[in-house]
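Colleague: The structure is given below, and queries will be raised subsequently.
In my numbering, the protein residues as written are 63 to 235.
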């Protein structure tokens with residue numbers, strides 16, 4: 063693998079991840095060395111690309127990891143860009159994004175305040191992670207239509223009109 067481009071912000075985030083990997087000891091990580099979690103992510107992407115032989119399958123493929131210091135977590139997102147020459151010529155794209163400190167999601171309080179069922183509470187927890195209806199359905203072993211129904215009920219109970227609106231109400235409870 064060859065690194066083609068890394069901007070200043072990504073370089074700084076990589077340095078922070080290296081520090082976190084080495085327990086904050088700034089004397090151990092070498093300058094310019096990619097964090098192991100980043101190279102491991104690239105390895106996972108390469109393995110996945112060998113399984114996904116059709117370029118159209120790559121469009122829906124992405125691997126995400128949260129890493130770094132828990133006080134300043136970094137989101138890694140990686141995916142492959144197909145090449146007509148095959149997997150060996152494909153390029154990997156990995157983005158690094160610093161995550162802001164999130165408000166603590168207290169679903170127990172929200173459950174009580176909005177009279178949510180256990181299943182609705184579970185749906186809210188997955189909404190807060192940014193999951194799609196399909197991902198929520200798979201995790202809860204229910205259909206996508208059932209997830210949509212739960213979201214409708216939650217919207218009614220929280221007086222929200224969007225998924226984001228639900229989270230605003232829940233985080234402010």
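Backbone N, C-alpha and C fix where the C-beta goes; we use that ideal spot for every residue, glycine too.
Computed from a predicted model, the values in this text were never measured in an experiment.
Buried or exposed, going by whether 16 or more other CB atoms sit within 10 Å of the CB of residue 111?
Modeller: On the chain shown, position 49 is the one that residue 111 refers to. Result: buried.
Colleague: Buried or exposed: which applies to residue 138, given that a residue is buried once 16 or more other Cβ atoms fall within 10 Å of its Cβ?
Modeller: Taking the first residue of the chain shown as position 1, residue 138 is located at position 76. The residue is buried, with at least 16 neighbouring Cβ atoms inside 10 Å.
Colleague: Who are the Cβ neighbours of residue 72 in its own chain at under 7 Å, not counting the five residues just before and after it?
Modeller: Taking the chain shown and counting its residues from 1, the one referred to as residue 72 is at position 10. Excluding sequence neighbours, residue 72 sits near 158.
Colleague: Answer yes or no: do residue 154 and residue 79 have a C-beta to C-beta separation smaller than 8 Å?
Modeller: Along the chain shown, read from residue 1 onward, the residue named residue 154 stands at position 92. Along the chain shown, read from residue 1 onward, the residue named residue 79 stands at position 17. No, these two residues do not count as a Cβ contact at 8 Å.
Colleague: Closest to residue 181 by CA distance: which of 212, 130, 161 is it?
Modeller: As a position in the chain shown, residue 181 is number 119, starting the count at 1. When only C-alpha atoms are compared, the closest one is 212.
Colleague: Compare the C-alpha of residue 171 against each of 233, 123, 151 and name the closest.
Modeller: Taking the chain shown and counting its residues from 1, the one referred to as residue 171 is at position 109. Of 233, 123, 151, the residue nearest in Cα terms is 233.
Colleague: Going by DSSP, what residue range makes up the alpha helix (DSSP H) through residue 140?
Modeller: As a first step, residue 140 is located in the chain shown; it is residue number 78 there, counting from the start. That residue, residue 140, is in no alpha helix (DSSP H); its beta strand (DSSP E) goes 136 to 143.
Colleague: Among 126, 221, 74, 114, which residue has its Cα nearest to the Cα of residue 144?
Modeller: As a first step, residue 144 is located in the chain shown; it is residue number 82 there, counting from the start. Of the candidates 126, 221, 74, 114, the one whose C-alpha sits nearest the C-alpha of residue 144 is 114.
Colleague: Taking the beta strand (DSSP E) that residue 154 belongs to, which residues open and close that run?
Modeller: Translated into the one-based positions of the chain shown, residue 154 becomes position 92. Counting along the chain, the beta strand (DSSP E) containing residue 154 begins and ends at 153 to 160.
Colleague: Look up residue 125 in the DSSP assignment and give the residues it is bridged to.
Modeller: Here residue 125 corresponds to residue number 63 of the chain shown, with the count starting at 1. 140, per the DSSP bridge assignment.
Colleague: Hey, how far is the Cα of residue 231 from the Cα of residue 220?
Modeller: Working through the chain shown from its first residue, we reach residue 231 at position 169. Working through the chain shown from its first residue, we reach residue 220 at position 158. Roughly 6 Å separates the two Cα atoms.
Colleague: Find the nearest neighbour of residue 189 within the set 203, 179, 174, 226, judged by alpha-carbon distance.
Modeller: Here residue 189 is taken as the residue at index 127 of the chain shown, counted from 1. Minimum Cα distance to residue 189 is reached at 226.
Colleague: Quick check on the burial criterion: 16 or more other C-beta atoms within 10 angstroms. Buried or exposed for residue 132?
Modeller: Sequence index remark: in the chain shown, residue 132 carries index 70 (1-based). So residue 132 counts as exposed.
Colleague: Who are the Cβ neighbours of residue 196 in its own chain at under 7 Å, not counting the five residues just before and after it?
Modeller: Position 134 of the chain shown, counting from 1, holds the residue named residue 196. Excluding residues within five positions, the ones whose Cβ falls inside 7 Å are 206.
Colleague: Going by the beta-carbon positions, is the gap between residue 100 and residue 156 smaller than 8 Å?
Modeller: Looking up residue 100 in the chain shown gives position 38. Looking up residue 156 in the chain shown gives position 94. Taking 8 Å as the Cβ cut-off, residue 100 and residue 156 qualify as a contacting pair.
Colleague: To which residues of the same chain is residue 136 closer than 8 Å at the C-beta, ignoring the five residues directly before and after it?
Modeller: Residue numbering aside, residue 136 sits at position 74 when the chain shown is read from its first letter. Within the same chain, residue 136 has close Cβ partners 75, 78, 79, 128, 129, 130, 158, 159, 160, 161.
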